[in-house]
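Novice: In the working numbering, each residue's number is its place in the sequence shown (first place is 1) plus 761. Quick reminder that beta carbons are idealized off the backbone N, C-alpha and C, glycines included.
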Amino acid sequence: MAFLVAITVVAEIADLAGVFDVAGHATARLAGHHTVVLWLLLAALAVLVTTFLGLDTTAVLLTPVALTVARQVGVGAAPFALTTLFLANTASLFLPVSNLTNLLAVQHLATLGADHGDFVRLTLLPGLAAVAGTLLVIGLVHRRALTGRYAVEPPAAPHDRVLLRIAALTCLVSAPLFAVGLQPWLVASVAALVLVVAMAWRAPFLLRRVHPPWGMALVVAGLFVLVQLLLDAGAGAVLADLSGSGEGVGDLARVAGLGALAANLLNNLPGYLALEAAAGTTPTRLVALLVGTNVAPIVTPWGSLATLLWLHRVRAAGVRIGPGALVAQGLAIALVAGGAALIALAA
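(1) Alpha carbon to alpha carbon, how far is Val770 from Ala949? Give it in angstroms, no decimals.
(2) Rounded to whole angstroms, what's the CA-CA distance from Val798 to Pro857? Just pull it up for me.
(3) Would you call the CB atoms of Ala775 and Ala940 closer than 8 Å?
(4) Taking DSSP as the reference, what is the three-state secondary structure of Arg905?
(5) In chain order, what are the residue ranges of uninterrupted alpha helix (DSSP H) at least 4 long that sit wholly in the segment 918–976?
(6) Trp800 lies in the alpha helix (DSSP H); which residues open and close that run?
(7) Among all the DSSP beta bridges, which residues are the ones paired with Arg910?
(8) Could you pull the start and end residues of the alpha helix (DSSP H) that Leu1096 belongs to?
(9) Could you tell me whether the Cβ atoms of Ala1021 and Gly1041 are closer together than 8 Å?
(10) Three or more beta-carbon pairs under 8 Å between the segment 785–799 and the segment 905–920, yes or no?
(11) For Glu749, which residues from the same chain have a beta carbon less than 6 Å from its beta carbon, with the 5 sequence-adjacent residues on both sides left out?
(12) Counting along the chain, where does the alpha helix (DSSP H) carrying Thr829 start and finish?
(13) Give the straight-line distance between the Cα atoms of Leu806 and Ala1035, rounded to the nearest whole angstrom.
(14) Count the CB pairs spanning the segment 845–856 and the segment 810–829 that are closer than 8 Å, and state whether there are at least three.
(15) What are the start and end residues of the alpha helix (DSSP H) that includes Val766?
(16) Taking 8 Å as the threshold, find out whether the segment 876–887 comes into contact with the segment 1071–1089 through three or more Cβ pairs.
(17) For Leu862 and Asn1029, which I take to be in contact (beta-carbon distance under 8 Å), what is that distance rounded to the nearest angstrom?
(18) Quick check for students: name the residue ranges of the alpha helix (DSSP H) that lie wholly in the segment 987–1068, counting only runs of 4 or more.
(19) Spatial neighbours of Leu1069 within its chain, please: CB distance less than 7 Å, with the 5 preceding and 5 following residues excluded, ordered by chain position.
(20) Indicate the three-state DSSP secondary structure (helix, strand or coil) for Arg1081 in the structure shown.
(21) Any contact between the segment 835–846 and the segment 862–876? By contact I mean 3 or more CB pairs, one from each, below 8 Å.
(22) May I ask which residues mark the beginning and end of the alpha helix (DSSP H) holding Thr845?
(23) Do Val1097 and Leu925 count as a contact pair if the criterion is CB distance below 8 Å?
(24) When the Cα of Gly835 is compared with those of Leu1019, Leu991, Leu943, Trp800, which residue comes out closest?
(25) Consult DSSP for Phe880 and reduce its assignment to one of helix, strand or coil.
(26) Assuming contact is defined by CB atoms lying nearer than 8 Å, are Asn850 and Ala1101 in contact in what I supplied?
(27) Assuming Leu870 and Leu1047 make a contact with CB atoms under 8 Å, what is their CB distance in whole Å?
(28) Around the Cβ of Ala952, are there at least 16 other Cβ atoms within 10 angstroms (buried) or fewer (exposed)?
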């Protein structure tokens, strides 16, 4: 829970300092007036933000930047909005800090004799495959909107340069520390402390706009208790039978499919918690479960908190994407990206 609170503070202060705004507008300048290049650069930014700051950061803070950039350069907003949504989920396999389910998985891996390095090694290729599958589907569905050129190179909004540099440097320094296996809660807490002090120095009036997710932390704690009660009541044995055994492609697909079903019916966090012990009997099977709970909970709006947060952001921005189109594209990406990730995992 300490990590969840601290990383949210880091992300919100980085946003208020202008890190995402400047990065988003820099992509518009780097893209050379080509819409498809702009889309790919924003997609790369979404992958980086998701990997090092978590999927909710991409959904909440990067989505408005992507929409603003798209509007300012005069291109369609839908593919950019959907890219941040889908990559917030499908790009969340790479590091433990990318998704709360990953942090739980690393703890479970320790009981299986594996560690942080094993997690990164096992998730690298599936993560890349999931990202590639996501971009393939979005690129095909929105190929017309992503063609052509734009003439405008909009500047970022004005920001306090000192605070911006401190926030950007803090994010850049923290990222490799997450990757090498230091305790995520410690890295995030130190980064949050540095940024709170910097903001209190340079822009104290902005501190009131930083909102640690105390409510979310309580909900997560409650889910732990609820799932444990269900497992104690006998659900664990049933789930173990449903999960099967083995590490072939079919076996891994069974685990991932069960995780995807649980995530889309309930939510990815309780879905993972319920299946962790039953399905995660080996490191490879545990990663297959993560494919189901991280990559695939994009069919229903409640499948992941990131999707609900994203919906709020796009509606506030006046962007309308029909529920039928959202479900259809989510299902296509869940199948393509999830399938690609499983093939990479089994290889």
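Specialist: Concretely, from the data shown:
(1) Counting from 1 along the sequence shown, the entry for residue 949 is found at position 188. Counting from 1 along the sequence shown, the entry for residue 770 is found at position 9. Taking the straight line joining both Cα atoms gives about 9 Å.
(2) Residue numbering aside, residue 798 sits at position 37 when the sequence shown is read from its first letter. Residue numbering aside, residue 857 sits at position 96 when the sequence shown is read from its first letter. Answer to the nearest angstrom: the Cα atoms are 29 Å apart.
(3) Reading the sequence shown from its first residue, position 14 is the one you call residue 775. Reading the sequence shown from its first residue, position 179 is the one you call residue 940. Not in contact: Ala775 and Ala940 (Cβ atoms no closer than 8 Å).
(4) What you label residue 905 is simply residue 144 of the sequence shown in a count that begins at 1. Coil at Arg905, not helix or strand.
(5) 922–940, 945–963
(6) Position 39 of the sequence shown, counting from 1, holds the residue named residue 800. 796–814 is the extent of the alpha helix (DSSP H) around Trp800.
(7) Position 149 of the sequence shown holds residue 910. BP columns for Arg910 point to His795.
(8) Position 335 of the sequence shown, counted from the first residue, corresponds to residue 1096. Here the alpha helix (DSSP H) through Leu1096 covers 1084–1107.
(9) In the sequence shown, counting from the first residue as 1, residue 1021 sits at position 260. In the sequence shown, counting from the first residue as 1, residue 1041 sits at position 280. The Cβ atoms of Ala1021 and Gly1041 lie no closer than 8 Å to each other.
(10) Taking one beta carbon from each stretch, the segment 785–799 and the segment 905–920 have 3 or more pairs nearer than 8 Å; the two touch.
(11) Because residue 749 is not part of the residues shown, which for the chain are 762 to 1108, the question remains open.
(12) Indexing the sequence shown from 1 puts residue 829 at position 68. Unbroken alpha helix (DSSP H) run through Thr829: 824–834.
(13) As a first step, residue 806 must be located in the sequence shown, where it is residue number 45. As a first step, residue 1035 must be located in the sequence shown, where it is residue number 274. So the alpha carbons of these two residues sit roughly 32 Å apart.
(14) Between the segment 845–856 and the segment 810–829 there are three or more inter-stretch CB-CB distances shorter than 8 Å, so the stretches are counted as touching.
(15) Walking along the sequence shown from the start, residue 766 turns up at place 5. Counting along the chain, the alpha helix (DSSP H) containing Val766 begins and ends at 763–778.
(16) no
(17) Reading the sequence shown from its first residue, position 101 is the one you call residue 862. Reading the sequence shown from its first residue, position 268 is the one you call residue 1029. The identity of residue 862 in the sequence shown is Thr, whereas the question assumes Leu. With a Cβ gap of about 6 Å, Thr862 and Asn1029 count as contacting.
(18) 997–1004, 1010–1026, 1029–1040, 1044–1051
(19) As a working mapping, residue 1069 is identified with position 308 in the sequence shown. These residues qualify, in order along the chain: Pro1062, Trp1063.
(20) Sequence index remark: in the sequence shown, residue 1081 carries index 320 (1-based). Note: Arg1081 maps to coil in three-state DSSP.
(21) no
(22) Counting from 1 along the sequence shown, the entry for residue 845 is found at position 84. Where Thr845 is concerned, the enclosing alpha helix (DSSP H) stretches over 839–851.
(23) Position 164 of the sequence shown, counted from the first residue, corresponds to residue 925. Position 336 of the sequence shown, counted from the first residue, corresponds to residue 1097. Contact: no.
(24) Residue mapping note: residue 835 aligns to position 74 of the sequence shown, counting from 1. For the residues Leu1019, Leu991, Leu943, Trp800, the minimum Cα distance to Gly835 belongs to Trp800.
(25) Within the sequence shown, the letter at position 119 stands for residue 880. Here Phe880 sits in helix by DSSP.
(26) Counting from one through the sequence shown, the residue named residue 850 turns up at place 89. Counting from one through the sequence shown, the residue named residue 1101 turns up at place 340. No, Cβ-Cβ distance for Asn850 and Ala1101 is not below 8 Å.
(27) The count along the sequence shown starts at 1 and reaches residue 870 at position 109. The count along the sequence shown starts at 1 and reaches residue 1047 at position 286. About 7 Å separates the two Cβ atoms, so the contact holds.
(28) As a position in the sequence shown, residue 952 is number 191, starting the count at 1. Burial state of Ala952 is buried, judged by a 10 Å Cβ sphere holding 16 or more other Cβ atoms.
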